[in-house]
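Quick notes on the structure that follows.
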Amino acid sequence: MKIGFNDISRRSLLTLAAAGILSIGVARPSFAADDIVIGASLPLSGVLAGFGSYLKWGYNHAVDEVNAAGGIEIKGAKRKVRLEIRDDKSDPNVVASNTDTLISRDHAVAILASPTPPLVAAGGLVAERNRIPFITGAAPLESFKAVRKWRYGWDVFFWEPDLAASPFHLINDLALATNKKVAILHDNGPDGQQVGGVAWPAMAKQFQFEVVRNSAFPMDSTQFTSVIADAKASNADIMLVMSSTPQAVAIRKQLAAAGYTPKVLVMERGGEPQQFSEALGPLANGTLVGAYWNPSYPYPGSFELTKAFETETGQTWSQHISASYAVAKIMLDAIARAGSTDSEAINDEIAKTEATYVVGPVKFDESHTSKLPIAQSQWQDGQVQIVWPQAQASAKILFPVPAGN
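With mature numbering (1 follows the signal peptide of the UniProt record, and there is no 0) as the guide, the letters of the sequence shown map in order to residues -32 to -1, 1 to 373.
Written out as structure tokens, the structure reads:
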């Protein structure tokens, strides 16, 4: 069965727009010429719009809090912060163009990044060339470090080997009965190649699981019947998927159409946004996805952040509101400590960051990264529940994955 991205994206974007997350025309405070400008290029349309909407809210929420307190003191005077956001349409070339415009025309003193490695790299390289500090909370650490040795770029996120190991830890720690046969489906983007092509096979071998299929596909694929047929024929109890959200929805529907439901189904990246669950209904139940945050975590402001998001938008929270809010706060705190809009002064203060934010403790290492611990979450009746590690679990795991309707 063919699933068109337009059907999925139109439904998701209309829902988000109705909730006000994607509304560019929302009234915001008036600003003055001496405001502190921070720029952000975000995917408010295109295949990553679901992620972009969460980042937009998190960035805005942090800036709104600072402005509500009077702004940031620079040389003895309080100045408001203006967040300039441009839609990059999920296109790295547009990210680069937007970032250049934000710096050269809007005079942004700092950049808050777009999500996913290709978009982060595109904007980050422009910021680096212009010696403007930028920070991301949506790029796996190895992919970020692989771009270059950063001087002005900073990353708060998870480490790919931790993500890759987590499904195997979960299966072993929870003593789930499987035949230990693994089928991997991944796109050919940076995440897909790193996690699906390298890290998952390595971890499977380390944990003594057998990879019986490993299939790569283009990032614009919509048909997966042949790779699903191969996986079904291999009798794999475990399927690991790395893809976009439209592809994850298509794969799950095509699995059902083929009458194949693995006992363990992990759908990284694409299975995370609320739009995945909305598009699938009961078919989303049992799907696992890596998690670095949950409102139940004992970090300052976790519950309040979730409540604010759901009250303002009418939407279910995503962990991306935490990372985007946290990195915006890190940037704003650095500007406040610097007491200056000088890029070098701000960058120096980011390097000194050592504090606990809504995502947990943050301290940057020599590679300009700060690692967040990984858990495994699972879709259960439209809600995201932590199911591993057991000490952090908010619900028992659904096992085996329900066949759905």
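Yeah, the Cβ is synthetic: ideal placement off N, Cα and C, and Gly gets one too.
Within 10 angstroms of the beta-carbon of N140 lie fewer than 16 other beta-carbons, which makes it exposed.
By the Cβ rule, the stretch 221 to 236 does not count as touching the stretch 27 to 44, because fewer than three pairs are nearer than 8 Å. Using a 10 angstroms sphere on the CB of R73, the tally of other CB atoms stays under 16, which defines it as exposed. The beta-bridge partner set that DSSP reports for G44 is empty. The C-beta of K57 has 16 or more other C-beta atoms within 10 Å across all chains shown, which makes the residue buried. If you look at F102, you'll find it isn't in any alpha helix (DSSP H); it sits in the beta strand (DSSP E) that goes F102 to T104. In the three-state reduction of the DSSP assignment, T69 falls in the helix class, which pools H, G and I. Judged by DSSP secondary structure, A184 falls within the beta strand (DSSP E) whose first and last residues are E178 to F185. Annotation: the continuous alpha helix (DSSP H) that includes Y27 extends over A17 to A36.
Nearest C-alpha to K339 among D123, R305, D55 and Q287: D123.
In the three-state scheme derived from DSSP, where H, G and I count as helix and E and B as strand, G14 is classed as coil. Residue environment for Q287: buried (at least 16 other C-beta atoms within 10 angstroms of its C-beta).
With a cutoff of 7 Å on beta-carbon distance, S134 and Q344 are scored as near each other. Rounded to whole angstroms, the gap between the alpha carbons of S270 and G7 is 25 Å. For K275, the uninterrupted alpha helix (DSSP H) run begins and ends at S270 to T281, by DSSP.
Leaving aside the five residues that flank E317 on each side, the residues in its chain whose CB is nearer than 7 Å to its CB run, in chain order, A302, R305 and A306. A Cβ-Cβ separation of about 6 Å places S311 in contact with V77 under the 8 Å criterion. Taking C-beta separations shorter than 6 Å and ignoring five residues to either side along the sequence, the partners of P370 in its chain run N253 and G254, following chain order. In the same chain as T284, and ignoring 5 residues on each side of it, the C-beta atoms closer than 6 Å to its own belong to Q242, in chain order. Contact between the stretch 312 to 331 and the stretch 157 to 174 is absent: fewer than 3 CB-CB pairs across the two stretches fall below 8 Å. The count of Cβ pairs closer than 8 Å, one atom from the stretch 140 to 158 and one from the stretch 191 to 211, reaches three, so the stretches are in contact. In the structure shown, I318 adopts helical secondary structure according to DSSP, grouped into three states. Sequence-distant Cβ neighbours of N98 in its own chain, meaning closer than 7 Å and more than five residues away, are I71. With 16 or more other CB atoms across the displayed protein chains lying within 10 angstroms of its CB, R237 is buried. In the DSSP assignment, M210 is bridged to H154 and E236. With 16 or more other Cβ atoms inside 10 Å of its own Cβ, G121 counts as buried.
F125 is not a Cβ neighbour of A114, given a cutoff of 7 Å.
Under DSSP, I354 forms a beta bridge with S345. In the DSSP secondary-structure assignment, W122 is bridged to I103. The beta-carbon distance between L142 and I365, rounded to whole angstroms, is 6 Å. This is short enough to meet the 8 Å contact definition. The residue from F332, P368, M299 and Q353 with its alpha-carbon nearest to that of I100 is M299. If you ignore the 5 residues before and after S264, its C-beta comes within less than 6 Å of the C-beta of S362, all in its own chain and listed in chain order. Annotation for D2: R47 place their beta carbon closer than 7 Å to its own, counting only its chain and skipping 5 residues before and after.
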